[in-house]
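In my numbering, the protein residues as written are 341 to 602.
Okay, structure coming up:
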């Protein structure tokens, strides 16, 4: 053990020394390294840009859309490849599957007008805006549901605070698009506040469904039967008493929760 500790100490000292030395020499070596990386990237672009441009487009394309064309090509290629894999004729012949998977996106992208590509890009912009806008709302929704599982007051207070924040953002923002996002988020949170009880009962039903029972009382009867079985196992010495009592307490708390909120 002492030998291992010594090796670890030596390794730690060497690592710290390397980091310290790299920091001291960064002022001297960073510019050349950056130049090498820039030149490598530029060489890669100079080699592959003409090839990709010839394959995916014609003279009507601007070089600024080359990367976008390549991304759309990859998306179409992936979708076509997966789809052909569901067809027995193509799934059994890998060569034909790859040929068709490459030809279809090449034809679609090569003869696609720039306006259509820009329309596709706009749709992905809308998708990214929608996803990033709704994600905080979804996270907060599940946070409130889990935090206020045993208290409707906690859930309602949480939604009221959320509404106040978004109402303030909506009232203070001048941009029309951002204002619309804040306003409709406020409306959605208001709807969740109004229908909090219905939503909470839906989650309870989902929990009962995952447990494999039809209703609350069936679930309670099932839990009480499991408590009796655990008690008999403790009496017979099949499981330690401490562990058995811990299991029983958890099931009893679950029953109390169902009686209160079910």
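Glycine included, each C-beta is placed from N, C-alpha and C at the ideal position.
Bear in mind the structure is a predicted one, so any value in this text is a computation, not a measurement.
Next item on the list: State the CB to CB distance for the pair residue 563 and residue 541, rounded to an integer number of angstroms; the pair is presumed to be in contact (CB under 8 Å).
Entry: Numbered from 1 along the chain shown, position 223 holds the residue referred to as residue 563. Numbered from 1 along the chain shown, position 201 holds the residue referred to as residue 541. 19 Å between Cβ atoms; not a contact.
Item checked: Close-in-space but distant-in-sequence residues of the same chain around residue 567 (CB under 6 Å, 5 per side omitted) -> As a working mapping, residue 567 is identified with position 227 in the chain shown. Exclusion of the five residues before and after residue 567 leaves 588, 591 as the residues of its chain whose Cβ lies within less than 6 Å of its Cβ.
Item checked: Nearest-angstrom Cβ-Cβ length linking residue 479 and residue 495, presumed shorter than 8 Å -> Within the chain shown, numbered from 1, the residue matching residue 479 stands at position 139. Within the chain shown, numbered from 1, the residue matching residue 495 stands at position 155. 15 Å between Cβ atoms; not a contact.
Margin query: If distances are taken between C-alpha atoms only, which option among 559, 557, 492, 503 comes closest to residue 538?
Written below: Within the chain shown, residue 538 is the residue found at index 198, counting from 1. Residue 538 has its Cα closest to that of 492, out of 559, 557, 492, 503.
Next item on the list: Could you round the C-beta distance between residue 499 and residue 529 to whole angstroms and report it? I think they count as a contact, below 8 Å.
Entry: Taking the first residue of the chain shown as position 1, residue 499 is located at position 159. Taking the first residue of the chain shown as position 1, residue 529 is located at position 189. The pair is a contact, with the Cβ atoms about 6 Å apart (cut-off 8 Å).
Item checked: Simplified DSSP assignment, three categories, for residue 515 -> Numbered from its first residue, the chain shown carries residue 515 at position 175. Here residue 515 carries a coil assignment [DSSP, helix/strand/coil].
Note to self: Within a Cβ cutoff of 8 Å, which residues of the same chain sit near residue 487, ignoring the five residues on either side of it in sequence?
What the structure shows: Taking the chain shown and counting its residues from 1, the one referred to as residue 487 is at position 147. So the list reads 494, 495, 498, once near-sequence residues are dropped.
Item checked: Reduced DSSP secondary structure (H/G/I, E/B, other) of residue 580 -> Mapped onto the chain shown, residue 580 falls at position 240. The answer is coil: DSSP assigns residue 580 none of H, G, I, E or B.
Notebook entry, point to check: If we call anything under 9 Å between Cβ atoms a contact, is residue 501 one with residue 526?
Noted result: On the chain shown, position 161 is the one that residue 501 refers to. On the chain shown, position 186 is the one that residue 526 refers to. Contact: no.
Notebook entry, point to check: What first and last residue would you give for the alpha helix (DSSP H) that runs through residue 408?
Noted result: The residue labelled residue 408 in the question sits at position 68 within the chain shown. First-last of the alpha helix (DSSP H) with residue 408: 406-424.
Next item on the list: Below 7 Å CB to CB, which residues in the same chain sit around residue 448 once its five sequence neighbours on both sides are set aside?
Entry: Taking the first residue of the chain shown as position 1, residue 448 is located at position 108. Setting aside the 5 residues that flank it on each side, residue 448 is surrounded in the same chain by 416, each with a C-beta closer than 7 Å to its C-beta; the list follows chain order.
Item checked: Buried versus exposed, by CB contacts within 10 Å (16 or more), residue 580 -> Here residue 580 is taken as the residue at index 240 of the chain shown, counted from 1. Its Cβ having fewer than 16 others within 10 Å, residue 580 is exposed.
Next item on the list: Determine the burial state of residue 364: buried for a count of at least 16 other Cβ atoms within 10 Å of its Cβ, exposed for fewer.
Entry: Against the chain shown, residue 364 aligns to sequence position 24. Only weak support exists for where residue 364 lies, its pLDDT of 49 falling under 50; the coordinates are left without a value.
Margin query: Tell me which residue opens and which closes the alpha helix (DSSP H) that residue 491 is part of.
Written below: Taking the first residue of the chain shown as position 1, residue 491 is located at position 151. In the DSSP annotation of this structure, residue 491 is not part of any alpha helix (DSSP H), being labelled neither H nor E.
Check: Rounded to a whole number of angstroms, what is the C-alpha to C-alpha distance between residue 583 and residue 516?
Finding: As a first step, residue 583 must be located in the chain shown, where it is residue number 243. As a first step, residue 516 must be located in the chain shown, where it is residue number 176. The alpha-carbon atoms of residue 583 and residue 516 are separated by roughly 60 Å.
Note to self: Quick check on residue 486: does DSSP put it in helix, strand or coil?
What the structure shows: Residue 486 sits at position 146 when you count from the first residue of the chain shown. Looking at residue 486 - three-state DSSP - the assignment turns out to be helix.
Next item on the list: Inspect the beta-carbon positions of residue 445 and residue 413 and report whether they are closer than 9 Å.
Entry: What you label residue 445 is simply residue 105 of the chain shown in a count that begins at 1. What you label residue 413 is simply residue 73 of the chain shown in a count that begins at 1. Closer than 9 Å, so yes.
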